[in-house]
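One structure below.
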Amino acid sequence: MGKTKFIKMKRSSILIPVLAIAFLFLAAPTMNFNVIIPAVIDVPDHIKVAAMIDRTVVEDDVLDVIEGGLTGELIGEDKLATQILMDGVHAMLENAATVSLKRTTEVYPGGSPFSAAFPEPLSWMEIEALCDKYQVDAIVAIEKFDTDFLLMPGANQVATVKAGIRLYDPASKSIIDQYEYSHKESWNTGRLTLESAIDGLISKSAAIREASYEAGIEYGRRLSPSWYRVSRKYYRKSKGDDVFAEGARMMEVNDWEAAKDALLHAVDTGHRKTKGKAAHNLAVVYEIEGNLEEAKFWAQAAWGKYRNKKSKDYLYDLNRRINEVARVNQQLDQ
10 MGKTKFIKMK RSSILIPVLA IAFLFLAAPT MNFNVIIPAV IDVPDHIKVA
60 AMIDRTVVED DVLDVIEGGL TGELIGEDKL ATQILMDGVH AMLENAATVS
110 LKRTTEVYPG GSPFSAAFPE PLSWMEIEAL CDKYQVDAIV AIEKFDTDFL
160 LMPGANQVAT VKAGIRLYDP ASKSIIDQYE YSHKESWNTG RLTLESAIDG
210 LISKSAAIRE ASYEAGIEYG RRLSPSWYRV SRKYYRKSKG DDVFAEGARM
260 MEVNDWEAAK DALLHAVDTG HRKTKGKAAH NLAVVYEIEG NLEEAKFWAQ
310 AAWGKYRNKK SKDYLYDLNR RINEVARVNQ QLDQ
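Here this note's numbering is used: the first residue of the sequence shown is 10, the next is one more, and so on.
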């Protein structure tokens with residue numbers, strides 16, 4: 010056997026178990042739970058209520074007809090979709106502690122539907138008049154809006170909503186937020202046939218409505234803290250340690266006190282690898298309970314003291330969450 014061949018075999022023999030270990034952790038069980046994340050925009054303290062208006066009306070109805078012909082949209086489809094986007098924003102902010110939203114039927118002409126740019130901002134005289142009319146502190150204006158619908162091979166439907174929204178603050182005479190984004194929703198309707206293609210035309214409007222509503226929810230998250238689902242990997246077993254396994258089972262039935270008791274015992278009595286896994290699981294439990302500092306303590310122990318490598322990445326998640334919660338508290342205390 011040549012030296013080169015031996016080296017290759019040796020490298021392979023090392024690589025295979027490493028890949029196997031990595032795969033096992035990727036396939037590890039997870040705990041799923043909701044966490045609160047901050048609003049993207051720090052809305053000023055003086056803005057308590059905002060009104061939302063539609064500024065996407067095309068001044069020339071002929072342009073609207075042309076756009077509908079080019080894109081296959083039904084006439085008036087985008088107008089309805091903008092209202093549904095407003096529904097999504099309103100639903101997101103309905104119980105928000107930062108800013109609430111008033112729906113309006115105000116419509117203003119905007120730019121050309123063929124232009125990629127935002128239209129010129131509304132004048133501060135117009136903004137102040139709207140604020141007086143609706144007794145609000147700010148104006149949220151949908152200033153760009155378009156929808157698209159594709160029936161892809163394999164009967165995959167993709168509905169896309171593109172929107173551009175501004176938040177006007179008359180007190181500071183500034184545009185606090187100017188956000189342009191695209192939101193997609195996709196569905197699989199089964200095998201593509203002529204009949205399903207015809208049905209797709211019928212379901213197009215429903216797909217656009219759903220995508221528009223979710224696009225509204227997405228924008229609402231810019232103005233208010235919101236809940237988000239996360240997953241955390243944990244360890245179910247450690248070789249030869251029944252107490253550790255008990256702690257993992259208690260995690261799976263949401264008995265956090267029993268889980269902590271068993272895992273603490275495993276930290277005290279287990280071998281190094283068991284200690285590292287138990288410390289990692291304790292960090293997950295404390296995060297679920299909302300005690301992020303204690304979670305960080307145990308993740309640091311798992312990595313720094315017991316050399317559990319997976320806990321190193323988890324520490325980044327916890328540090329990010331600690332910063333997020335601090336920002337949420339700041340936003341809610343305004």
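The beta carbon of each residue, even a glycine, is placed where N, CA and C say it ideally should be.
Quick one: what's got a C-beta closer than 8 Å to residue i's C-beta in the same chain, skipping five residues either side?
i: ARG218; result: LEU89, ALA90, ILE93
i: SER195; result: ASN165, GLN166, VAL167, ALA168
i: PRO130; result: ARG175, TYR177, ILE184
i: MET95; result: MET61, ASP63, ARG112, ILE151, GLY225
i: TYR325; result: none
Have a look at the DSSP bridge pairing and note the partners of residue i.
i: GLY173; result: LYS153, GLU189
i: ASP178; result: SER183
i: PHE42; result: VAL239
i: ALA59; result: LEU110, ALA147
i: ASN328; result: Answer is none; ASN328 lacks a bridge partner.
i: SER214; result: None; SER214 has no bridge partner.
i: VAL116; result: ASP63
i: LEU159; result: VAL167
i: GLU135; result: Answer is none; GLU135 lacks a bridge partner.
i: ALA194; result: Correcting the residue identity first, residue 194 is Glu in this sequence and not Ala. Per DSSP, ALA168.
Can you tell which of the options has the C-alpha that lies nearest to the C-alpha of residue i?
i: ALA215; options: GLN166, GLN339, LEU291, ALA180; result: GLN166
i: LEU341; options: ASN43, GLY256, MET40, ASP51; result: ASP51
i: ASN104; options: ASP250, SER233, LYS246, THR278; result: SER233
i: LEU327; options: LYS248, ARG316, GLY299; result: GLY299
i: GLY97; options: ALA180, ASP54, VAL337, TYR228; result: TYR228
i: PHE127; options: VAL337, ILE184, ASP250; result: ILE184
i: THR156; options: LYS193, GLY313, ARG175; result: LYS193
i: LYS142; options: LEU131, PHE306, GLU115; result: GLU115
i: ALA317; options: MET95, SER247, ASP251, PHE42; result: What sits at residue 317 in the sequence shown is Asn, not Ala. Comparing Cα positions, the closest option is SER247.
i: ALA310; options: MET134, THR283, ASN332; result: THR283
i: GLY249; options: THR278, ASP54, PRO179; result: THR278
i: ASN41; options: VAL262, GLN339, TYR325, ALA125; result: VAL262
Please say whether residue j and residue i have beta carbons closer to each other than 8 Å?
i: LYS182; j: VAL145; result: no
i: PHE154; j: ALA172; result: yes
i: VAL149; j: ALA224; result: no
i: SER240; j: THR39; result: yes
i: VAL66; j: TYR117; result: yes
i: SER320; j: ALA275; result: no
i: TYR190; j: ILE136; result: no
i: LEU301; j: ARG281; result: no
i: VAL294; j: ALA267; result: no
Ordered along the chain, which non-local residues of its own chain (more than five positions away) have a Cβ less than 6 Å from that of residue i?
i: GLU296; result: ALA304
i: TYR323; result: ALA308
i: HIS99; result: LEU110, ARG112
i: ARG245; result: PRO38, ALA257
i: LEU139; result: ILE148
i: MET101; result: ILE226, GLY229
i: TRP312; result: SER320, LYS321
i: VAL337; result: ILE45, PRO47, PRO234
i: VAL252; result: ALA271, HIS274, ALA275
i: SER221; result: ALA90, ILE93, LEU94, VAL170
i: ASN349; result: The structure shown does not extend to residue 349, since the chain is modelled only from 10 through 343, so no value can be given for it.
Measure how close the beta-carbons of residue i and residue j come, nearest whole angstrom, since I'm counting them as under 8 Å.
i: THR113; j: ILE62; result: 6 Å
i: TYR237; j: GLY285; result: TYR237 to GLY285, Cβ: 28 Å. No contact.
i: ALA287; j: LEU272; result: 5 Å
i: ILE56; j: VAL108; result: 6 Å
i: ARG175; j: GLY119; result: That belief does not hold up - the Cβ atoms of ARG175 and GLY119 are roughly 11 Å apart, past 8 Å.
Apart from the five residues on each side of it in sequence, which residues of its chain come closer than 7 Å, Cβ to Cβ, to residue i?
i: ARG231; result: ALA48, VAL49, ILE50, ASP186, TYR188
i: ASP264; result: none
i: ALA106; result: LEU341
i: LYS213; result: PHE158
i: ASN290; result: TYR243, TYR244, GLY256, ALA257, MET260, LEU272
i: ALA333; result: The sequence given here places Glu at residue 333; Ala does not occur at that position. For GLU333, where only same-chain residues beyond five positions count, the Cβ hits under 7 Å are ILE46, PRO47.
i: ALA133; result: According to the sequence displayed, residue 133 carries Trp and not Ala. Result list for TRP133: PRO179, LYS182, in chain order.
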